[in-house]
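Since the structure comes first, as structure tokens, the remarks are kept for the end.
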Amino acid sequence: MPGFAMLAGVGIAALLYSREAMAAGVVAGLVLVAYGLQLAYRRDESALVISEAFGRGRNGRSHLRSAAMTGDVLVAGLVAAIVVQALREQPLGPLPWLAGLAALTYLVSIFVTSDM
Numbered sequence: 001m002p003g004f005a006m007l008a009g010v011g012i013a014a015l016l017y018s019r020e021a022m023a024a025g026v027v028a029g030l031v032l033v034a035y036g037l038q039l040a041y042r043r044d045e046s047a048l049v050i051s052e053a054f055g056r057g058r059n060g061r062s063h064l065r066s067a068a069m070t071g072d073v074l075v076a077g078l079v080a081a082i083v084v085q086a087l088r089e090q091p092l093g094p095l096p097w098l099a100g101l102a103a104l105t106y107l108v109s110i111f112v113t114s115d116m
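Those letters in the sequence shown? Residues 1 to 116, per the numbering used here, in order.
The following block contains the structure:
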């Protein structure tokens, strides 16, 4: 799946470039490539409970995975909206900024939860 997302990003960027929609192509392509990288990074990730807010043991891992899945679904919807708007050659509006915020939030969470 990560490779498919990245290839789709390159393909959509090329298609939009051929339609002379270069800005939308770059944004849609970068968003899909970044999404593919996120999927590749998380492929073998296990749940890491960093706070008692999620509970303990199996219950905590379950809650954390549910929270992560919620974020994944929201990011997938955002990625899909950007791609659809770009292919329709419609204004992207605030969608690229939201995608950037999602990427920044994910990078910060990687930094916070890493074993440094």
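Just so it is clear, CB atoms sit at the ideal spot from N, CA and C, and this is done for glycine as well.
Taking the alpha helix (DSSP H) that residue i belongs to, which residues open and close that run?
{"i": "residue 6", "result": "2-18"}
{"i": "residue 36", "result": "22-41"}
{"i": "residue 93", "result": "That residue, residue 93, is in no alpha helix (DSSP H); it is neither H nor E in DSSP."}
Please state if the CB of residue j and the CB of residue i are separated by a distance shorter than 8 Å.
{"i": "residue 40", "j": "residue 28", "result": "no"}
{"i": "residue 81", "j": "residue 16", "result": "no"}
{"i": "residue 32", "j": "residue 8", "result": "yes"}
{"i": "residue 75", "j": "residue 102", "result": "yes"}
Run through DSSP, which three-state label would residue i get?
{"i": "residue 114", "result": "coil"}
{"i": "residue 105", "result": "helix"}
{"i": "residue 88", "result": "coil"}
Quick test of your reading: residue i and residue j, contact by CB under 8 Å. State the CB separation rounded to the nearest angstrom.
{"i": "residue 78", "j": "residue 104", "result": "Not a contact, Cβ separation roughly 13 Å."}
{"i": "residue 23", "j": "residue 89", "result": "Residue 23 to residue 89, Cβ: 11 Å. No contact."}
{"i": "residue 2", "j": "residue 25", "result": "The Cβ separation is near 21 Å, so there is no contact."}
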